Amino acid sequence: MTSSALAVPASAAGRLRHHPLVVRYLPIATIVLALMAIWYVAAVLMNLALVRDAFEREDTPYTVSDLVEGTMSAERPLLPAPHQVIAAFVDSVFGYAPTSPRSLVYHATVTLSATLLGFALGAMLGIALALMIVHSRVLEKSLLPWIICSQMVPILALAPIFIVVLGAIGLHGLLPKSIISAYLCFFPITIGMVKGFTAPDPMQLDLMRTWSATPRQVLAKLRWPAAMPYLFASLKVAISISLIGAIVAELPTGGEAGIGARLLAGSYYGQTVQIWSALLAAAILASGLIGLVGLAERLVGLRMGARP
Amino acid sequence: MNKTLNATAGSASLPRRLAVDVHNVSLTFETADGKVDALSNVSLQVAEGEFVSFIGPSGCGKTTMLRVIADLQQPSAGSLLVNGISAEQARLERQYGYVFQAPALFPWRTIENNLKLPLEIMGFSDSEQRQRAERYLALVNLTGFERKYPWQLSGGMQQRVSIARALSFDPALLLMDEPFGALDEIVRDHLNEQLLQLWDKTGKTVLFVTHSIPEAVFLSTRIVVMSPRPGRIIDVIDCGFPRDRTLEIRETPEFLKIAQRVRVGLRAGHSYDE
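Chains as they are written, first to last, in the numbering used here: chain A, 956 to 1263; chain B, 16 to 289.
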């Protein structure tokens, strides 16, 4: 009796709470809303002095609500409010033809092409190095320290050198950026694939030996498939790193085009809204790319009979 | 020199050709704690068509023995011939099938494709691969599981697949390293019976490592009792049950007598430690 009486009011809210969409998106939505709230408060606090100075310079009387309103609509705020960023983002994505240098789509495409080329180069290099390391002790001893060293020099210091050197031998535009991107992203792939290629069980390797399989057969039929989970884990890390590499590479090129160029131009002219909308574009690009790798991973997993 | 030894050993008790001829083989591992004698001066002749079990406590070198015959490990001293040629040559000519303690199936391949794996490696034609996969899955009673993945099968079924895989390229010699060690008693009995029928039907030579006395006595034509530190053979027991034996023979006095002799041998080997 009591239980049914209690169950009646609970059922409507309970059903909503257990709805798959709610279960899936409620936690994310909560975090997003909390971050937005914090962002708004921070925007008000950070821009307050700026707005107050402006009012006082012009000797106009102001109220607290004028101040708060001002902090969220300043043209060059220290920290733009979320709606300003979104408005600028929407405007620069949909407001111009995708080929216009004012369009964020144009810049994102430039960065994306450098990222994808760099990722492809980096993946090939990473896998090739891992193969060499796995198959030869000598190469492992001689290559590995250099591979690790390569990642200890900050890319911000290396990128201009790359651009200058590659420019001197006649390489401009897409390729130097892709090379910097590849330089950054091959590393997790090498490390992951060394682990992956050595993942097979000793028994499985012994089996291949009892069938006197050639090294190439061992690679194709055992090491490569066994390395798949490691490949996708490292590809996910690598693709976001190659995006960062491409953006960093756009900084010393003088900022002709690309998300990096937008960031640089924005900081030259104090266009914080532009910087933030470029960052938003980079974030969306990165999550899209990681999502694509995840999708490829799922498809490969299905073909390889992974447990559902 | 080997030739003459073979001849004398062969003509005395074994009229058939030797499948395995191990002569004074020793194997010493270098470990952090010093040298370990995994095998010390071991000699053994196995004729074609025999079913020989190796039994003994862990560390007695029974697995090492099998691995040496399979050329997965090289002896530090002594010589051995497999089907009349060196162990390495026999491996390169794919003259034996090896079954490990675990099924070691490739999880990304279906059962059928797991069975085809050695055939792919050895370059059998597509149609031949298909025929053989069908035939050997039927042999281990797994018809209908072709498209399943290993994780969808029980441990016993997986081990049957791995036996079928070892047989699929029709090697004359079958090396089995505690293939049923991880399975429960009921499944083990069932697989033992199946293995015996298989051996009877195919006429292969089987070398079988186990640490179960009833299993060894039930399956074998000869039982090799081994002892650790250093790994050596302390007794070789003939086991003269008919080839088409059934599980019921385990209740007979002859069976118990042989089991008793194995047990005594194992105990004698152990007292060495104490």
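For every residue, glycine included, the Cβ atom is placed at its ideal position computed from N, Cα and C.
Please read all numbers here as calculations on a predicted model, not as lab measurements.
For the pair A/Met-1087 and B/Ile-126, the Cα-to-Cα distance works out to about 32 Å. Under the three-state reduction of DSSP output, A/Tyr-1061 falls in the helix class. A/Met-1027 and A/Val-999 have their C-alpha atoms roughly 7 Å apart. As computed with DSSP, B/Val-224 is found in a beta bridge with B/Phe-69, B/Asp-192. With contacts defined by Cβ atoms closer than 8 Å, A/Ala-1236 and A/Leu-1059 form a contacting pair.
Per DSSP, the unbroken beta strand (DSSP E) holding B/Ala-62 starts and ends at 49-62. Runs of the alpha helix (DSSP H) lying entirely within the stretch 965-1043 of chain A, each at least 4 residues long, are 975-1012, 1019-1026 in chain order.
For a Cβ distance threshold of 7 Å, residue set Gly-1260 of chain A lies close to B/Thr-125, ordered along the chain. Residues are counted here when their Cβ sits less than 8 Å from a Cβ of chain B; for the stretch 1146-1160 of chain A these are Asp-1156, Met-1158, Gln-1159, given in chain order. Residue pairing by DSSP places B/Phe-44 opposite B/Val-51 in a beta bridge.
Interface residue (Cβ-Cβ distance to chain B less than 8 Å): A/Pro-1180 is classified as such.
If you draw a straight line from the Cα of A/Leu-1254 to the Cα of A/Ala-989, it comes to about 35 Å. Cβ neighbours of A/Tyr-1185 within its own chain (closer than 7 Å, five residues either side excluded): Gly-1147, Met-1148, Lys-1150, Gly-1151, Ala-1154. The stretch 107-121 of chain B makes contact with the stretch 166-185 of chain B; the number of CB pairs closer than 8 Å reaches 3 or more. Under the 10 Å beta carbon count, A/Tyr-1223 is surrounded by fewer than 16 other beta carbons and is classified as exposed. Partner residues in a beta bridge of A/Met-1259, as assigned by DSSP, do not exist. The DSSP-derived three-state label of B/Val-37 is strand. With a contact defined as Cβ atoms closer than 8 Å, B/Phe-160 and B/Leu-168 qualify at about 7 Å. By the Cβ neighbour-count rule, A/Pro-1131 is buried, with 16 or more other Cβ atoms within 10 Å of its own.
Nearest Cα to A/Ser-1232 within the set A/Leu-1218, A/Leu-1126, A/Leu-1206: A/Leu-1218.
Against chain A, a Cβ distance below 9 Å from B/Arg-109 picks out Thr-1165, Trp-1166, Ser-1167. Neighbourhood of B/Tyr-113 in chain A, by CB distance below 8 Å: Asp-1161, Leu-1162, Thr-1165, in chain order. Here B/Asp-253 is bridged, per DSSP, to B/Arg-237. Interface with chain A (8 Å Cβ-Cβ cutoff): B/Trp-214 is excluded. Taking a cut-off of 8 Å for Cβ pairs, the stretch 178-192 of chain B and the stretch 141-153 of chain B touch, as three or more such pairs fall below it.
In this structure, A/Pro-1035 is the residue among A/Val-978, A/Pro-1035, A/Ala-984, A/Arg-1031 with its C-alpha nearest to the C-alpha of A/Ala-997. Checking the DSSP bridge columns, you'll see B/Tyr-113 partnered with B/Leu-190. Comparing alpha-carbon positions, the option among A/Ile-1134, A/Ile-1144, A/Phe-1049 lying closest to A/Leu-1113 turns out to be A/Ile-1134. Cβ contact annotation for A/Leu-1072 (same chain, cutoff 6 Å, sequence separation greater than five): Ser-1133, in chain order.
In the three-state reduction of the DSSP assignment, A/Ser-1097 falls in the helix class. Take the alpha-carbon of B/Leu-213 and the one of B/Leu-206: they are about 10 Å apart.
For the set B/Leu-262, B/Trp-166, B/Asn-129, the Cα lying nearest the Cα of B/Leu-152 is the one of B/Asn-129. When 8 Å is used as the limit between beta carbons, B/Leu-42 is near no residue of chain A, the shortest such separation being about 16 Å. Secondary structure note for A/Gly-1225: it is in no alpha helix (DSSP H), with a DSSP letter that is neither H nor E. The C-beta distance from A/Ile-1214 to A/His-1062 rounds to 5 Å, short enough to meet the 8 Å contact threshold. Going by beta carbons, B/Leu-95 and B/Val-51 fall outside the 8 Å limit.
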